[in-house]
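Trainee:
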Amino acid sequence: MKQIRPKLRNPSLFREQGYIGGQWTNGQAKDRFAVYNPYSGEEIGSCPEMGVHDVQIAVSTAQKTFESFRHSSARERMTILKDWFRLMQEHEADLATILSFENGRPIEAAKAEIRYAASFFEWFQGEAIRSYGETVEGSNPENRMLTIKQPVGVVGVITPWNFPSAMITRKIGAAVAAGCTTVLKPASETPYSALALAELGEKAGLPAGAFNIVTTDKNIAGVGREICENPVVKKISFTGSTNVGKLLMQQSGSTLKKMSMELGGNAPFIIFDDADIEKALEGLMAAKFRASGQTCVCANRVYIQSEIADTFIARFNELVKEKMIPGDPSTASTTLGPLINLKAREKVERLVQDASEKGADIVTGGSRSNSDPQTFFPATILDNMAPKMQASREELFGPVVAFYRFSDEAELLSMANDSEVGLASYVYTEKLTQAWRAAELLQTGMVGVNTGMISDPVAPFGGVKQSGFGREGGRVGLEEFQNVKVSVSTSLRAGPSLVPRIARVPRNYRFASTASSQSIKINGRDVSVPTGIFINNEFRASLSGNKFGVENPATGQEILQIEEGREEDVDEAVVAARKAFESDAWAKSDPVWRGELLNRLAQLMERDKEDIIALEMLDTGKTYKQASNLDFSGSVGTLKYYAGWADKVLGQTSFNIPNTFAYTRREPVGVCGQIIPWNFPLLMFIWKIAPAIATGNTVVIKSAEATPLTALKCAELIKEAGFPAGVINLVSGFGKTVGNAIANHMDIDKLAFTGSTATGRAILKSSASSNLKKVTLELGGKSPNIVFPDADLEKAVEWSAWGINMNFGQTCHAGTRIYVHEDIYDRFVEAYAKRMQSIKVGDNFDPSVDQGPQNSKMQYEKILGYIESGKQEGATVYTGGKVSKTGKDGGYYIEPTIFTDVKPDMKIMKEEIFGPVVAIAPFKTEEEVLGLANDTTYGLAAAVHTKDYERALRITNGLKAGTTWVNMYNFVHWSIPFGGYKQSGLGRECGDAALENYTETKAVYYNMGMPAPQM
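17 is the number of the first residue of the sequence shown in the numbering used here; add one for each residue after it.
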């Protein structure tokens, strides 16, 4: 017998009994089964052959303990896991020795597994106190709906021999964090690691009966069946083969247990011809030879592009011979240990022989020598594999690397996905788009891109197809051990929803309106637009009686006059908004109904699409393509997006505090002041009102004085859609009057502003000096656009042109600073200039025109001033730089302009131009360009063009900007948060992040037995 105890610093860790109710026991076992060292074949000990009756006792004990353990505080459970983690660290050497003896893992690799196993206790100890339910706003405003996460109960855990520590801690860590108790059946080949963990768990303070272990070998079928069929067991967590997983699932069917199964895999490892060869070699070594190839995520099928196959395989063969050192696992120099038993070796031999007989070439290895231990199989490389070979279908589970050659991506994906299992896959390529495409199309639960190690406690682990279901690790891993309970409480005043559903209105029907409006002829189309101030669903004259003109930037001529709001009009709008906010019709409205209102507004906008687009083109100067594809479609999409969020703004529930139940509610802020800019008047109007309305606020919004027409049209549709009076109020006017009144108003609870950084600073001061409003600011930018030499030049040019042509440079995230690597600088500048010169400037109502007028005379003169500044400071005008004569008389047209020979301290490189002007500078290194790109007070957006996946990650991580693009520019979507770093603003628009801007979080505590503090 090979002795372990003398090799241990703490011999008590080596246990040879089962563990039930905190006691070491043989249970009802009359026999014992031997455990062998896979390398020497010697017996290292024995364990009791426990049976069905022992499982029943263990389950009963676990249930009894669960009745108290479920009520333990999250902090108590966190402390247990924290101490368990510490004890594993302290006893790493002993735990690794035990693992190596029973599993055959080389000792250094065994130590690595112990560290990996302990990390699950470290992760889940933190998750124990981060487990929350939700508070839900129901359709009845008098209801309070809560979800509570509770432990499922007793969990049956069945683990494999290949990771005898980590597969236990990954499951038990989550179970303890959730408050569950467990009954574990470890693999009969490797029971001692489990028993050692129980010894440490007891020392960590785990209550007796919370963790129970039943050891068995011959009785495995009966023990497994009892765990699955016992009605007290509420969940099964299993890691093992697909066939056994199917059997356990069938056996659990009668009691409908919650189940998570991590089953077999047959992982493809893909190497494209552009891959970094050294990194791919390193990754393949890690992904294949861990645990002698006996892992479910091992790289079993290596697909290599034909052009590099011979070179790669030859280099890999050298590496295998150098790095894979067979020998006694207890020796530190050993890197390749034995397989777990003779049966495992025979399976590998069978698969290698089958492949060889069917045409595969054995590059190295392939058979063991007579002097090798019975369980040893050498590191083997097979080339020219084919799908007809059994190794393509069966999980190899041994140190065999099988190479399949492919010519193109389509062929590769067909072969890689031709499998009944789908646990893990690996992709090596330097092409970013190819990496993402392959990662999305590979039918596996996990994908490693340019890495051979994919498992980490913080991330979910699991597969698709017949590789199982459920996930382990990450936050999801905790949820696998929890049930969600819904609790609904109703006040004594409960009644039906106070607000009825909206009846669908025919698209061609119009409500009667008393709003004053004016008909405008736009490009041959008669469009009606209101001209009044919109308060309480009425368009009214301003209290001052003043009006102001709206200019057409294409001609410089006045379009019409609209009512000019002043401070007193803002006061009336705020009174209306406050009254609406506090009314039952809105304050207690069904959130689903609020979503229906937003959807209804979207429908009406779609009905009046051409009128709205015409108005947007008229006072902004946009082309039809941009007004339609960007502004209009983005606005409708935003409304529909937030309509879906209206009933999904959730708080949290928590039992994580001893003797206390706490929950949070997400409540609307109140009356929201909103100030929008002139460059995207329609889109910014919708971006502002949609999340505010979805969360139950009311609004007073100021449109830009230069571009108020689409906001007025939307106000008309808001009334028609059925919004209650006072919910949305629109005051047109100037910043110094209306804007200032909103910013300083004592009864406005929140302010959202999009515009210049200077105005943003003033708004912050106003908030501080008035009533400390919540403030969201989306401000200016000076965005860098970086082009590396490996970029697709044609695409980089096209996206960079869009980076400045979108709204003719009048965007806060315009790509006005282009940094191009010196190796391709001249080529890029030439191609970019050619593309910019092809942009047609002129009448924005002409369908062939790409660039219309700048928005106003003031903006026009400002841009020309920056062009003159660039010339005076020594920059070279490569193209453009002048007023364009191709537009209408009196309009504000400027040629697309490129500056070269620029220096970082020039005004055109420092200040926001807001026009079709771009400066292009060369760079040499990544470090240099990151320094240049980040050398600005702004941080709104940035872009990088490269095919190198890792470079893209490095650069995007290094850029100090709220939005970064890779191989694109100027793409913003309503579902993704938008906002900046540094002086580009505070908070975020769009996505679920915008909902945070418009809600307050209220915390409610319930005493569940906590005594008052001692005075």
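All C-beta atoms in this analysis are idealised placements derived from N, C-alpha and C, irrespective of residue type, glycine included.
Determine the burial state of Gly-978: buried for a count of at least 16 other Cβ atoms within 10 Å of its Cβ, exposed for fewer.
Mentor: It counts as buried.
Trainee: Report the rounded CA-to-CA distance for Ile-758 versus Gly-1007, giving the unit in angstroms.
Mentor: So the alpha carbons of these two residues sit roughly 25 Å apart.
Trainee: So for Ala-519, helix, strand or coil by DSSP?
Mentor: Caution is warranted here: a pLDDT of 36 is assigned to Ala-519, below 50, making its placement in the model unreliable, and the coordinate value is therefore given only provisionally. Here Ala-519 sits in coil by DSSP.
Trainee: Would Val-249 be called buried (16 or more neighbouring beta carbons within 10 Å of its own) or exposed?
Mentor: With 16 or more Cβ atoms within 10 Å of its Cβ, Val-249 is classed as buried.
Trainee: Can you give me the Cβ contacts of Val-545 inside the same chain, cut-off strictly under 7 Å, excluding the 5 residues immediately before and after it?
Mentor: Excluding residues within five positions, the ones whose Cβ falls inside 7 Å are Ser-533, Gln-534, Ile-536, Leu-631, Leu-725, Leu-728, Lys-729.
Trainee: Tell me, please, which residues DSSP counts as bridged to Gln-166.
Mentor: BP columns for Gln-166 point to Asn-499.
Trainee: Would you decide whether Tyr-1021 is buried or exposed? Buried here means 16 or more other CB atoms lie within 10 Å of its CB.
Mentor: Its Cβ having fewer than 16 others within 10 Å, Tyr-1021 is exposed.
Trainee: So, Lys-766 versus Cys-688, is the Cβ gap smaller than 8 Å?
Mentor: It is a contact, given that the beta carbons lie within the stated cut-off.
Trainee: With DSSP as the reference, identify every bridge partner of Ile-538, one or two as the case may be.
Mentor: DSSP output for Ile-538 lists Arg-541 as bridge partner(s).
Trainee: Report buried or exposed for Thr-773, applying the criterion of at least 16 other Cβ atoms within 10 angstroms of its Cβ.
Mentor: That one is buried.
Trainee: For a test of the three-state rule: what should DSSP assign to Glu-334, helix, strand or coil?
Mentor: Three-state DSSP puts Glu-334 in a helix.
Trainee: Could you check which residue in Glu-584, Glu-118, Gly-565 has the C-alpha nearest to that of Ile-551?
Mentor: Cα-wise, what sits closest to Ile-551 is Glu-584.
Trainee: Taking the C-alpha atoms as reference points, what is the distance between Glu-32 and Ala-210?
Mentor: Each residue's Cα considered, the two are about 11 Å apart.
Trainee: Relative to the C-alpha of Pro-389, which residue among Arg-421, Val-417, Ile-356 is closest?
Mentor: Comparing Cα-Cα distances from Pro-389 to each of Arg-421, Val-417, Ile-356, the minimum goes to Ile-356.
Trainee: Would you call Thr-327 buried or exposed, if buried means 16 or more other Cβ atoms sit within 10 Å of its Cβ?
Mentor: Per the 10 Å Cβ criterion, exposed.
Trainee: In angstroms, rounded to a whole number, what distance separates the CA positions of Ser-423 and Asn-400?
Mentor: Roughly 13 Å between the two C-alpha positions.
Trainee: Quick one: measure Cβ to Cβ for Pro-607 and Asp-663, integer angstroms, because I've assumed they're closer than 8 Å.
Mentor: With 8 Å as the limit, Pro-607 and Asp-663 qualify as a contact, their Cβ atoms being about 4 Å apart.
Trainee: Can you tell me whether Thr-258 is helix, strand or coil according to DSSP?
Mentor: DSSP places Thr-258 in helix when its eight states are reduced to three.
Trainee: Determine the closest residue to Ile-910 out of Ile-578, Ile-130, Glu-118, Val-933, with distance taken between C-alpha atoms.
Mentor: The candidate whose alpha carbon is nearest that of Ile-910 is Val-933.
Trainee: DSSP on Met-762, reduced to helix/strand/coil?
Mentor: In the structure shown, Met-762 sits in coil (DSSP, three-state: anything other than H, G, I, E or B).
Trainee: So is Met-275 buried or exposed if we call it buried at 16+ other beta carbons inside 10 Å?
Mentor: Classification of Met-275: buried, given that the 10 Å Cβ count is 16 or more.
Trainee: Between Gln-853 and Thr-895, which are expected to be in contact by the criterion C-beta below 8 Å, what is the C-beta distance as a whole number of angstroms?
Mentor: Right, their Cβ atoms sit about 6 Å apart.
Trainee: So, at 7 Å on beta carbons, what are the nonlocal neighbours of Gly-1025 in its own chain, with the 5 sequence-adjacent residues on each side left out?
Mentor: Within the same chain, Gly-1025 has close Cβ partners Asn-675.
Trainee: Quick one, are the C-beta atoms of Tyr-208 and Ile-329 less than 8 Å apart?
Mentor: Not in contact: Tyr-208 and Ile-329 (Cβ atoms no closer than 8 Å).
Trainee: Could you tell me the alpha carbon to alpha carbon distance between Tyr-848 and Lys-940, rounded to whole angstroms?
Mentor: Between Tyr-848 and Lys-940, the C-alpha separation is close to 20 Å.
Trainee: In terms of residue numbering, what span does the beta strand (DSSP E) encompassing Glu-683 cover?
Mentor: Element bounds for Glu-683: 676–684.
Trainee: Across which residues does DSSP place Arg-361 in a beta bridge pair?
Mentor: Answer by DSSP bridge pairing: none, since Arg-361 is not bridged.
Trainee: For Gly-955, which residues of its own chain have a beta-carbon under 7 Å away from its beta-carbon, when the five flanking residues on both sides are left out?
Mentor: If we look at Gly-955 and ignore the five residues flanking it on each side, its Cβ neighbours are Lys-976, Ala-977, Gly-978, Gly-996, Tyr-997, Lys-998, Ser-1000.
Trainee: Do you know offhand how far Thr-711's Cα is from Tyr-420's?
Mentor: Looking at the two C-alpha atoms, the distance is approximately 55 Å.
Trainee: Just verifying my parser: in three-state terms, what is the DSSP assignment at Ile-236?
Mentor: In the structure shown, Ile-236 sits in a helix (DSSP, three-state: H, G or I).
Trainee: Would Gly-667 pass as a contact of Glu-150 if the rule is Cβ separation under 8 Å?
Mentor: Cβ distance < 8 Å, so Gly-667 and Glu-150 count as in contact.
Trainee: Residues bridged to Trp-40 by DSSP?
Mentor: Trp-40 pairs with Tyr-35.
Trainee: How many Å lie between Leu-698 and Ser-644 at the Cα?
Mentor: Computed Cα separation, rounded: 11 Å.
Trainee: Does the Cβ-Cβ distance between Leu-412 and Asn-316 come in under 8 Å?
Mentor: In contact: Leu-412 and Asn-316 (Cβ atoms closer than 8 Å).
Trainee: Measuring only the C-alpha atoms, how far is Val-318 from Ala-303?
Mentor: If you take the alpha carbons of Val-318 and Ala-303, they lie about 11 Å apart.
Trainee: State the DSSP-derived secondary structure class of Gln-266, mapped to helix, strand or coil.
Mentor: Helix.
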